Each structure stands twice: as C-alpha cells, then as structure tokens.
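Participant: Here it is, the structure, as structure tokens.
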Amino acid sequence: MAYEPVLLARVGKADSTSIEGYRRDGGYETLARALKDMTGEQVTEVVKGAGLRGRGGAGFPTGLKWTFLPKGHPGPIYLCVNVDESEPCTFNNRVLVEKDPHQVLEGIILACYAFKATTAYFYIRYEYGTGMRAMQNAIDEAYAAGFLGKNILGSGYHLDVFVHRGAGAYICGEETGLIESLEGKRAWPRIKPPFPAIEGAFRKPTIVNNPETLANVVQILKRGADWFKSIGVPPDPKNPRDAGSYGPKLYCISGHVNNPGVVELPLGVTVRQLINEHGGGVWKGKKAKGCIPGGNSMGLMTEAEFDTPLDFNGPGRVGCLGLGTGAVTVFDEDTSIVDVLYNLCRFFQHESCGQCTPCREGTGWMFKIMKRFQAGQGRREDLAVLEEVADKIGIMPGTTICGLADGAGWPVKTAIRKFRQEFEKYIQDGTASKSKPLPMAAH
Amino acid sequence: MIQNNTVDAGCAGKLPDSIRERIVALLPRYPNKQAVTLPALHIVQDELRRVPLWAIREIADILCLSPAEIHDTMSFYGFFRTDQDPLGKTRLWVCRSLACHLRGGEELLAEFCSKLGVAPTETTSDGKITLEFAECIGACEGAPAVMINDVHRKNIDQPEKVDALIEELRAL
Ligand SMILES: Cc1cc2nc3c(=O)[nH]c(=O)nc-3n(C[C@H](O)[C@H](O)[C@H](O)COP(=O)(O)O)c2cc1C
Ligand code: SF4
Ligand code: FES
Chain Y
1 MAYEPVLLAR VGKADSTSIE GYRRDGGYET LARALKDMTG EQVTEVVKGA
51 GLRGRGGAGF PTGLKWTFLP KGHPGPIYLC VNVDESEPCT FNNRVLVEKD
101 PHQVLEGIIL ACYAFKATTA YFYIRYEYGT GMRAMQNAID EAYAAGFLGK
151 NILGSGYHLD VFVHRGAGAY ICGEETGLIE SLEGKRAWPR IKPPFPAIEG
201 AFRKPTIVNN PETLANVVQI LKRGADWFKS IGVPPDPKNP RDAGSYGPKL
251 YCISGHVNNP GVVELPLGVT VRQLINEHGG GVWKGKKAKG CIPGGNSMGL
301 MTEAEFDTPL DFNGPGRVGC LGLGTGAVTV FDEDTSIVDV LYNLCRFFQH
351 ESCGQCTPCR EGTGWMFKIM KRFQAGQGRR EDLAVLEEVA DKIGIMPGTT
401 ICGLADGAGW PVKTAIRKFR QEFEKYIQDG TASKSKPLPM AAH
Chain X
1001 MIQNNTVDAG CAGKLPDSIR ERIVALLPRY PNKQAVTLPA LHIVQDELRR
1051 VPLWAIREIA DILCLSPAEI HDTMSFYGFF RTDQDPLGKT RLWVCRSLAC
1101 HLRGGEELLA EFCSKLGVAP TETTSDGKIT LEFAECIGAC EGAPAVMIND
1151 VHRKNIDQPE KVDALIEELR AL
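Sequences listed follow chains Y and X, in order. The numbering used here numbers the first residue of the first sequence as 1 and each following residue consecutively. The numbering used here numbers the first residue of the second sequence as 1001 and each following residue consecutively.
Next comes the structure, spelled out in structure tokens:
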C-alpha cells in the first residue's frame, strides 16, 4: 500500500509558506485545541505514548527527554531548535523549513507549551538563508495572528521565538556545541553530565530538538498516538531495550542515483527500495558499489547490504553506527573507495573542534594517510594504523567529549572491513585514485 | 558577571549608527549580552565585508566584554574575515562534500579556480568575487551545488553554467 506523506504533504503547494495557506490546510488548529483542552503534561504524555524518537541522529525518545527537565522549575526553560543540519548529504530539514515553516513553528509552540518553555531559539546554519527568511516571516506572521507572544489564544501562556544564525561549523549541530555557540562562545561541546535538560543554555534547563522531530509532534497531536504507532517498525520483542522505530521519516537520497531528493516514508524502508523505487535507480544504468546510509558519520554499506531496513536498529546490524539522519548517498561500481574515504576523512579533519587531543590529532592522521593513498603511496601498515586510530577515538572508547570522533572513526572502520581488498590493491599497484584534489589556500 | 573592562577612548565611534542600533536592538532577546556576539559579527561583516579590529573593540564595548572574548569566538568560526583578508562583493561557495564530490564537485571547484584566477578563500582582483570551498551546504539533491552568499544554486554541472554564473556575479 502506498504511503501518503503527512510531513511533506504541503511541500510543493503554491502557498506552502504563508500563514493563510497553512491555516487553510487546518494549520494551528491542533495548537488551539491543545491550549484549550490539554495541560502541558498531557501533551508530553501523548508524545511519549506515541514512541516518537528524535530525528536529529541519536534517536532518543522525545517525550522521555522532555520529562528529564526538573519538576516544578521556576524557569526560564529554553527550547533550542537544532537546524544546524550540517551532517553531509542531509537536507530534509532544509526542505521542511523552507517550504512549510509554519508546521515546524506549530511544533515548536506545542513542545514549548508541553514543557513550559517561554523562549525558543531557532538555531539555523548560516547556509540556510532561504530557510532562515522563511522562518522569520512565519514567526512574524504568527506573532501578528496571536500564536506567539503574550497570552497565546487567550490561554495565558506566553512564548517568544528568536532566529539565531550559525557561522559555518558542523560542530554547532552537537547539542552542547550549539548551546555554547548560542551563548556567543566557541562551539566547544560540553562534558556531560550535566545534560542540557538539567543545565543547558544560559545554565538553565534546556531541550534541544530537531525540526523534523517537532513536525512529528504536530502530526501526533493532530492524528493521535495510535496513528503514529501504526507506521514504522514496532520494538523487537527479543530486545527489551528497543523502543521501536515508529512513524514517518524524511529520507534523503543523493549521489549516483537518477532522481536525488527527499522522500517521506515509514521508518524501516530498505536502502534498495529507496534507491530503486524513489531515487530512480543507480545512474547511467550502472550498479552500485555501496552507500553511506545516514550521513557521513554512520559508516559505509556495501551493495550486498542494501536490503537492510533503515530504522533505528537496521544499520547497526551491518556494522554501521546507526540510522543517523537517514540520508543515503550512493556511489557506483566505478567509484574508488579511496576517493570516498578520502572525502569523508577530509570532512572530519576539517570539522573537529580541536578540543580533545584524540579527535583533533586522530582525524588529522586519518586524513593524512588517505591523502597518501590517493596519491598512490598507500603503505601496507597504513590500514592497521587507520583501524587503530578509528577504534580509539570517540565517546564509545571513552576518549573524547562528543560524538564527532565516533562519526569520524566509523567510516574508516567500515570501509576497511568491507572493502579491504580494494585498499590492498591500491597499495600493491601503487595506483593513484581518480580525482585530484586541489591545493587549498589557508584554512 | 563579566566586567566591562574595555574603556578604550580611541575606539568608540567608528561603527555606523545604523549598525550599532541593529546590534543593540538584539540585546533583549537574550538573558545576557554575550549571546549577541555571533549576530553582531554577522551584522558587521555583512556591511563591511570583514570584521575590522576597531569593530571588534566596539562590539566588545556594546556587549560589555573584552575584545579578546569577541576575537576568541570569532576566530573559531572560519566564516569571519579580518582586515587582512576582506571579502569581495559576493561570496561564492563551492561544495566539496561527498554527494557533490561524486558528481564532479572537485572538478567544479577547479573550474572556478582557473576561470577566476584565484585559489579557494581568495578574492578576484576586481574585488567582485571571493571563492570558497564549503563542506556540505545541504543542497545535495542538486549536486554539484554552490552557494551565492547564503542562497543555494544547484546542478552547476557544465562549464557553460560556470561561465554564466561568473558573468552574473561580475555584473553585480
Ligand atoms: C557531531 C554531531 C553533530 C550533530 N549535528 C546535528 C544536527 O546538525 N542536527 C541535529 O538535529 N542533531 C545533530 N546532532 C545530534 C544532537 O546532538 C541532538 O541529539 C539532537 O539535535 C536532538 O534532537 P532530537 O532529539 O529531536 O533528534 C549532532 C550530534 C553530533 C555528535
Ligand atoms: S570529540 Fe572532537 S569535535 Fe567533539 S569535542 Fe572533542 S575535539 Fe571537539
Ligand atoms: S554534499 Fe554538496 S550540498 Fe551536500
């Protein structure tokens, strides 16, 4: 049965960004009903009951996170909306914010009402200028219509939302890096605990959520938790700790496919389905060699693993770090695996914030080795060094403050494990890989 | 509390009132003044194409911080430019991350370098275009993608499109 999109239902409509258009489609009715009939706690209970898990990459249960805020706190409590979206190959939130900003804004207001936040910061990466302007316009319209500001719809509840622009740094997507950046400092992630729910922005309790997560909040309150749980993948009965993968997901498809784009599907679609049924198949009639299944940080999948479902558990079963952002980038059979890994290592070396030595040095070493590989000078011992570095940096081995380093290690580990023969052939033949990087000035 | 220790008679007054007012207007949005650091740097760089040292001092003054604190934050984000390397009229970013790389992003960057006669981060001699490489700009469905200031331009996949884009930016 074909799935009917809800999160993207309005994207593509002529008037998808205006408040009139949104209200014509029933927009803000859910908010009005919640403000009238429900307490904040009840909103949280519905979201918790739906089993919604964060769409920003970590998959933490959203309602549960909200309950970590201190009970009866005198405030202020903050919401930071994480629109840094810098995970390479990920652009689903851009589409959502550019094309349907009011849906995201309604989610922001519902969430803030649920946990009694009176200020929300919409932290958006600088690169999303179009999305920033769309959201600023939506915010202005919402103030004028009485959905923001003092005494919203006569409920006595008040909320302000402010747009805050980033300045081109991936690490601002890590929630405590985001908070430091918002506070006007270097985006150096904080040591946790304390988690933001206890001590976040401006040392006050803070929730950080992704826009897609917040759009789902609107749909859950509009359609009910049962509707949400009828979509996606229920918990594995053999795993008591599995919270399930309920609801829709915005999947991105890019790289060597015929029709790159974003598509909304129930959680649990396979990579192969995504590529063939929604991405128009691999380009030029070629075969795929593999993909990165959830942004740069999740590691690599081989073509043979393409039947893996993209839910919160699937990618882990084939050695990937997790679902990540659900952004699939496909590379065809003629792509050099050295080029792919070179690109990924360069990214992490460039974006490491430099705070933890294992991450700062490790990402640098890994990139240096990949540079050598690309020039046709890979050494036999390089593979072992790469694996050792990749294994030893990150939160999981416990040597760094944030997860960037895990994300840097995973592509290396999975690439070498899954494509070892190809690396060995490069070493043996001394061939350089195809694309020549330019000498980059400065930075 | 952070003390205002930036009483520097030589620095006040160079920042145009319009910029100063826009910065001050943001203060009520945040519980402390330091949070206005990034917005203030953006406002200044948008107008002046760089953040001069004297502007750092004046921002510090408005936010009751030391200039070193502003500079510390500013230098973390490779985004901001100083007196030594001001931006040209338009900033052109070429994405080099994976989805673009797989569809010729590296070649596209090389094409821009040779046609503009600059390396990434440099500005053309007429001061019109500053070329930058970018990590994923979130427009991967239109790879290879570029960004003109903060607006995406997708599928720049032929030399003719490069020529047309350069012409367009030179005319600005
Ligand atoms: C290096 C790094 C980068 C991240 N980047 C993003 C990002 O761009 N957007 C995002 O929503 N979450 C990002 N996250 C995850 C956030 O820390 C956080 O878990 C998320 O925003 C929570 O929102 P959610 O629960 O709604 O998913 C990143 C995490 C790490 C470690
Ligand atoms: S792991 Fe890397 S990115 Fe994260 S805080 Fe440490 S140095 Fe910074
Ligand atoms: S990889 Fe170039 S825009 Fe995402």
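All C-beta atoms in this analysis are idealised placements derived from N, C-alpha and C, irrespective of residue type, glycine included. Fair warning: this is a prediction, and the values are worked out from it, not measured in the lab.
Round the Cβ separation of THR206 (chain Y) and ILE231 (chain Y) to the nearest angstrom and send it over; I've been treating them as touching at under 8 Å.
Facilitator: Mapped onto the first sequence, residue 206 (chain Y) falls at position 206. Mapped onto the first sequence, residue 231 (chain Y) falls at position 231. Between ILE231 (chain Y) and THR206 (chain Y) the Cβ distance is about 30 Å, and since that is not below 8 Å, they are no contact.
Participant: Flag PRO1158 (chain X) as yes if its beta-carbon sits less than 8 Å from any beta-carbon of chain Y, otherwise no.
Facilitator: For the purposes of this step, residue 1158 (chain X) is taken as the residue at position 158 of the second sequence. It should be pointed out that residue 1158 (chain X) corresponds to Gln in this sequence rather than to Pro. Answer no: the Cβ-Cβ gap between GLN1158 (chain X) and chain Y never drops below 8 Å.
Participant: Is the CB of PRO482 (chain Y) under 8 Å away from at least one CB in chain X?
Facilitator: Here chain Y covers residues 1 to 443 and nothing more, so residue 482 (chain Y) does not appear.
Participant: Within the continuous alpha helix (DSSP H) that includes SER1018 (chain X), where are the two ends?
Facilitator: Locating residue 1018 (chain X) in the second sequence gives position 18, counting from the first residue. Segment 1017 to 1026, the alpha helix (DSSP H) holding SER1018 (chain X).
Participant: Using CA atoms only, rank isn't needed, just tell me which of Y:LEU404, Y:ILE401, Y:THR431, Y:PHE373 is closest to ILE416 (chain Y).
Facilitator: Sequence index remark: in the first sequence, residue 416 (chain Y) carries index 416 (1-based). The candidate whose alpha carbon is nearest that of ILE416 (chain Y) is Y:PHE373.
Participant: The beta strand (DSSP E) spanning MET1147 (chain X) covers which residue range?
Facilitator: As a working mapping, residue 1147 (chain X) is identified with position 147 in the second sequence. Here the beta strand (DSSP E) through MET1147 (chain X) covers 1146 to 1148.
Participant: Anything in chain Y within Cβ reach of ARG1029 (chain X), meaning under 9 Å, just list it in chain order.
Facilitator: In the second sequence, the residue the question calls residue 1029 (chain X) occupies position 29. Those within 9 Å of ARG1029 (chain X) in chain Y are THR119, TYR121, ASP160, PHE162, HIS164.
Participant: Go through the residues and name those whose CB comes closer than 6 Å to any heavy atom of ligand 2, in chain order.
Facilitator: The set, ordered by position in the chain, is Y:ILE171, Y:PRO189, Y:SER352, Y:CYS353, Y:GLY354, Y:GLN355, Y:CYS356, Y:CYS359, Y:ARG360, Y:THR400, Y:ILE401, Y:CYS402, Y:LEU404, Y:ALA405.
Participant: Looking at GLY1138 (chain X) and ligand 3, is the gap between the Cβ and the nearest heavy atom below 7 Å?
Facilitator: Numbered from 1 along the second sequence, position 138 holds the residue referred to as residue 1138 (chain X). Yes; taking the cut-off as 7 Å, the Cβ of GLY1138 (chain X) has a heavy atom of ligand 3 nearer than that.
Participant: In angstroms, rounded to a whole number, what distance separates the CA positions of THR1006 (chain X) and GLU1058 (chain X)?
Facilitator: Taking the second sequence and counting its residues from 1, the one referred to as residue 1006 (chain X) is at position 6. Taking the second sequence and counting its residues from 1, the one referred to as residue 1058 (chain X) is at position 58. Bear in mind that a pLDDT of 44 at THR1006 (chain X), under 50, signals an unreliable position, so the number given afterwards is only what the model happens to contain. So the two alpha carbons sit approximately 9 Å from each other.
Participant: Got a sec: does ligand 1 put a non-hydrogen atom nearer than 7 Å to the Cβ of LYS446 (chain Y)?
Facilitator: Within the shown structure, residues of chain Y are numbered from 1 to 443, placing residue 446 (chain Y) beyond reach of any answer.
Participant: Compare the C-beta of GLY168 (chain Y) with all C-beta atoms of chain X and state if any pair is closer than 8 Å.
Facilitator: One-based indexing of the first sequence puts residue 168 (chain Y) at position 168. Yes - at least one Cβ of chain X is within 8 Å of the one on GLY168 (chain Y).
Participant: Give a yes or no on whether 8 Å exceeds the smallest Cβ distance from SER1018 (chain X) to chain Y.
Facilitator: As a working note, residue 1018 (chain X) is residue 18 in the second sequence. Closer than 8 Å: no.
Participant: Could you tell me whether any Cβ in chain X is nearer than 8 Å to the Cβ of ASN239 (chain Y)?
Facilitator: Position 239 of the first sequence, counting from 1, holds the residue named residue 239 (chain Y). With 8 Å as the cut-off, ASN239 (chain Y) does not count as an interface residue toward chain X.
Participant: Please identify the residue among Y:ASP391, Y:LEU344, Y:ASP25 whose C-alpha is closest to the C-alpha of ALA14 (chain Y).
Facilitator: For the purposes of this step, residue 14 (chain Y) is taken as the residue at position 14 of the first sequence. Considering only alpha carbons, the answer is Y:ASP25.
Participant: Work out the CA separation of ILE337 (chain Y) and THR302 (chain Y) for me, nearest whole Å.
Facilitator: As a first step, residue 302 (chain Y) is located in the first sequence; it is residue number 302 there, counting from the start. As a first step, residue 337 (chain Y) is located in the first sequence; it is residue number 337 there, counting from the start. Looking at the two C-alpha atoms, the distance is approximately 11 Å.
Participant: With a threshold of 8 Å between beta-carbons, can ILE292 (chain Y) be considered close to chain X, or not?
Facilitator: To locate residue 292 (chain Y), count along the first sequence from 1; it is residue 292. So, interface residue.
Participant: If you draw a straight line from the alpha carbon of HIS102 (chain Y) to that of ALA138 (chain Y), how long is it in whole angstroms?
Facilitator: Here residue 102 (chain Y) corresponds to residue number 102 of the first sequence, with the count starting at 1. Here residue 138 (chain Y) corresponds to residue number 138 of the first sequence, with the count starting at 1. Roughly 6 Å between the two C-alpha positions.
Participant: Looking only at DSSP bridge pairs, what is CYS359 (chain Y) linked to?
Facilitator: Position 359 of the first sequence holds residue 359 (chain Y). In DSSP, CYS359 (chain Y) forms no bridge with anything.
Participant: Could you tell me which residues DSSP puts in a beta bridge with ASP160 (chain Y)?
Facilitator: As a position in the first sequence, residue 160 (chain Y) is number 160, starting the count at 1. In the DSSP output, where bridge partners are listed per residue, ASP160 (chain Y) has Y:THR119.
Participant: Going along chain X, which residues have a C-beta under 7 Å from LEU182 (chain Y)?
Facilitator: Against the first sequence, residue 182 (chain Y) aligns to sequence position 182. Going along chain X in sequence order, the residues near LEU182 (chain Y) (Cβ under 7 Å) are ALA1035.
Participant: Between CYS252 (chain Y) and ligand 3, is there a pair consisting of the residue's CB and a ligand heavy atom that are separated by less than 7 Å?
Facilitator: To locate residue 252 (chain Y), count along the first sequence from 1; it is residue 252. CYS252 (chain Y): no, Cβ never under 7 Å from ligand 3.
Participant: Applying the 10 Å Cβ sphere with the 16-neighbour rule, what's the burial state of ASP1046 (chain X)?
Facilitator: Against the second sequence, residue 1046 (chain X) aligns to sequence position 46. Looking at its Cβ environment, which holds fewer than 16 other Cβ atoms inside 10 Å, ASP1046 (chain X) is exposed.
Participant: Mind listing, in chain order, the continuous beta strand (DSSP E) runs of no fewer than 3 residues lying wholly within the stretch 193 to 240 of chain Y?
Facilitator: Taking only runs of at least 3 residues, the beta strand (DSSP E) segments lying wholly in the stretch 193 to 240 of chain Y are 206 to 209.
Participant: If you follow the alpha helix (DSSP H) that THR1073 (chain X) is part of, which residue opens it and which one closes it?
Facilitator: Along the second sequence, read from residue 1 onward, the residue named residue 1073 (chain X) stands at position 73. Per DSSP, THR1073 (chain X) belongs to the alpha helix (DSSP H) from 1067 to 1076.
Participant: Are the Cβ atoms of ALA1035 (chain X) and GLU183 (chain Y) separated by less than 8 Å?
Facilitator: The residue you call residue 1035 (chain X) lines up with position 35 of the second sequence. The residue you call residue 183 (chain Y) lines up with position 183 of the first sequence. Yes. Within cutoff.
Participant: Out of curiosity, what's the CA-to-CA distance linking GLY166 (chain Y) and GLY430 (chain Y)?
Facilitator: Start at 1 with the first residue of the first sequence, and residue 166 (chain Y) comes out as number 166. Start at 1 with the first residue of the first sequence, and residue 430 (chain Y) comes out as number 430. If I take the Cα positions, the gap works out to 42 Å.
Participant: Note down the Cα distance separating THR325 (chain Y) from GLY295 (chain Y), rounded to an integer number of angstroms.
Facilitator: Translated into positions along the first sequence, residue 325 (chain Y) becomes position 325. Translated into positions along the first sequence, residue 295 (chain Y) becomes position 295. If I take the Cα positions, the gap works out to 6 Å.
Participant: Against THR329 (chain Y), what residues of chain X qualify as contacts under a CB-to-CB distance less than 8 Å, listed in chain order?
Facilitator: Along the first sequence, read from residue 1 onward, the residue named residue 329 (chain Y) stands at position 329. Chain X residues near THR329 (chain Y): LEU1098, ALA1099, LEU1102, CYS1140.
Participant: Take the Cβ of GLY173 (chain Y) as the centre, count every other Cβ of all protein chains shown within 10 Å, and call the residue buried at 16 or more, exposed below.
Facilitator: Mapped onto the first sequence, residue 173 (chain Y) falls at position 173. With 16 or more Cβ atoms within 10 Å of its Cβ, GLY173 (chain Y) is classed as buried.
Participant: ILE292 (chain Y) by DSSP, collapsed to three states: which one?
Facilitator: To locate residue 292 (chain Y), count along the first sequence from 1; it is residue 292. Here ILE292 (chain Y) sits in strand by DSSP.
Participant: Would you list the one or two residues that DSSP bridges to HIS1152 (chain X)?
Facilitator: Position 152 of the second sequence, counted from the start, is the residue given in the question as residue 1152 (chain X). In the DSSP output, where bridge partners are listed per residue, HIS1152 (chain X) has X:MET1147.
Participant: Counting only beta-carbon separations shorter than 8 Å, does PHE1112 (chain X) have a partner in chain Y?
Facilitator: On the second sequence, residue 1112 (chain X) is found 112 positions in, with the first residue counted as 1. Not one chain Y Cβ lies under 8 Å of PHE1112 (chain X).
Participant: Can you find at least 3 beta carbon pairs, one from the stretch 387 to 394 of chain Y and one from the stretch 269 to 278 of chain Y, that sit closer than 8 Å?
Facilitator: Too few Cβ pairs lie closer than 8 Å, so no.
Participant: Any heavy atom of ligand 1 inside 7 Å of the beta-carbon of GLY232 (chain Y)?
Facilitator: Counting from one through the first sequence, the residue named residue 232 (chain Y) turns up at place 232. No; taking the cut-off as 7 Å, the Cβ of GLY232 (chain Y) has no heavy atom of ligand 1 nearer than that.
Participant: For chain X, is any of its Cβ atoms less than 8 Å away from the one on TYR128 (chain Y)?
Facilitator: Residue numbering aside, residue 128 (chain Y) sits at position 128 when the first sequence is read from its first letter. So, interface residue.
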